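Sequential numbering from 12 applies to the sequence shown in this note's numbering. Positions of the beta carbon are idealized from the N, C-alpha and C atoms, including for glycine. Since the structure is predicted, the reported quantities are computational estimates derived from the model, not experimental observations. These notes concern the structure reproduced below.
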Amino acid sequence: MNAKEVIAARAAKELKNGDIVNLGIGLPTMIPAFLPKDIEVTIHAELGIVGAGGRPGEEDGHYAPYHVTDAGGAPSSVLTGGAFTDSATNFALIRGGHVDACILGALEVDEEGSLANWIIPGKKMPGMGGAMDLCVGAKQCIVAMEHTAKGKPKILKKCTLPYTAVNCVTTIITEMGVMKVTDRGLLLTEINPEYTVDEVRAATEAPLSVADSLQTMLGT
Numbered sequence: 012m013n014a015k016e017v018i019a020a021r022a023a024k025e026l027k028n029g030d031i032v033n034l035g036i037g038l039p040t041m042i043p044a045f046l047p048k049d050i051e052v053t054i055h056a057e058l059g060i061v062g063a064g065g066r067p068g069e070e071d072g073h074y075a076p077y078h079v080t081d082a083g084g085a086p087s088s089v090l091t092g093g094a095f096t097d098s099a100t101n102f103a104l105i106r107g108g109h110v111d112a113c114i115l116g117a118l119e120v121d122e123e124g125s126l127a128n129w130i131i132p133g134k135k136m137p138g139m140g141g142a143m144d145l146c147v148g149a150k151q152c153i154v155a156m157e158h159t160a161k162g163k164p165k166i167l168k169k170c171t172l173p174y175t176a177v178n179c180v181t182t183i184i185t186e187m188g189v190m191k192v193t194d195r196g197l198l199l200t201e202i203n204p205e206y207t208v209d210e211v212r213a214a215t216e217a218p219l220s221v222a223d224s225l226q227t228m229l230g231t
C-alpha cells in the first residue's frame, strides 16, 4: 500500500460498529473502503446528509453531481435509510455531541492537540467548512494525514498557521505511526515497521514519548 492507503487502513480501525462518523475531504474519504465487513457506520456529511454512501459514477441511476455532493464538492450518494437535513439540523447533530468521531486532514497539528487545516495566508484557502464545529463537537477528533509536507514536519510544538480549533485532537495517524495526545504531550503508541523510532522523531518537531508497549500499526 502507498502512504495514503496505510493511513486510511489504520484510521478505519478507530471506528466501531454503529458509530456516526464525519469524514473530511481528501484522504479521509478513502477510509470506508478499508472498514471490516462486520463494521457498519453512518457517515454524516455537514452539507446535509446523514447516511452518506460512496461516490457514484455516471452510469449509476441516481447520479446527480450538481445536487448530491460531499464536503469536497464531489458527487455523493445516500444509503437506504439515509436522510437529507437542513443545515441547522445537521449542525445541531454536531454541536449536540451526536457524532462519535470526525476524521480529517491537517496542515499542522501541535503537541497540545490544536489543529490548523483551513488556510495558508496568502497562498491556499481550502476553507473551514464545518471543521471548527466538528473538532469541538465530535466525541473524538482524529487527524489522518501524511507525516510531513515536502520534507517539513506537520506535527509541531505550536501551530504557526491560523487555528481551526485548539486542544481538540485526540489521535494523530500518519504513514509513520499512531500518536495519542495526552496531558504530557504526544505519545507514540504504534509504529510502521518500515520506520525506526528515531526516524519518526526526526520527522516530528514536537517532543515525542514512546509507549512501553509500542505496537505495529500494520496487520491485524
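Which of helix, strand or coil DSSP assigns to residue i
i           : result
residue 217 : coil
residue 42  : helix
residue 200 : strand
residue 119 : strand
residue 148 : helix
residue 177 : coil
residue 33  : strand
residue 209 : helix
Rounded straight-line distance, which links the Cα of residue j to that of residue i
i           : j           : result
residue 65  : residue 58  : 15 Å
residue 212 : residue 91  : 45 Å
residue 98  : residue 207 : 45 Å
residue 101 : residue 95  : 9 Å
residue 176 : residue 115 : 13 Å
residue 24  : residue 191 : 15 Å
residue 139 : residue 35  : 11 Å
residue 54  : residue 130 : 25 Å
residue 174 : residue 198 : 22 Å
residue 184 : residue 143 : 19 Å
Other residues of its chain near residue i: CB distance less than 6 Å, five sequence neighbours each side excluded
i           : result
residue 189 : 200, 201, 228
residue 113 : 33, 145, 149, 152
residue 87  : 63, 79, 80, 81
residue 46  : 23
residue 31  : 53, 55, 110, 111
Proximal residues to residue i (C-beta, below 7 Å), its chain only, five neighbours per side dropped
i           : result
residue 14  : 157, 186
residue 169 : 121
Of the listed residues the options, nearest to residue i (C-alpha basis)
i           : options            : result
residue 48  : 28, 177, 167       : 28
residue 72  : 82, 89, 84, 60     : 89
residue 132 : 104, 142, 118      : 118
residue 159 : 214, 210, 194, 126 : 214
residue 163 : 216, 203, 42       : 216
residue 266 : 42, 208, 204, 141  : With the chain covering only 12 through 231, there is no way to say anything about residue 266.
residue 127 : 193, 154, 161, 105 : 154
residue 109 : 56, 181, 20        : 56
residue 84  : 195, 40, 161       : 40
residue 125 : 182, 135, 105      : 182
residue 196 : 37, 180, 147       : 180
residue 19  : 30, 37, 130        : 37
Cβ shell of residue i (< 8 Å), same chain only, five flanking positions each side left out
i           : result
residue 203 : 17, 186, 187, 188, 227, 228, 229
Residue i CB to nearest heavy atom of the ligand MG below 6 Å
i          : result
residue 55 : Among the ligands in the structure shown, none appear at all, so the ligand MG cannot be discussed.
Supposed close pair residue i, residue j - CB separation, criterion 8 Å
i          : j          : result
residue 93 : residue 61 : 6 Å
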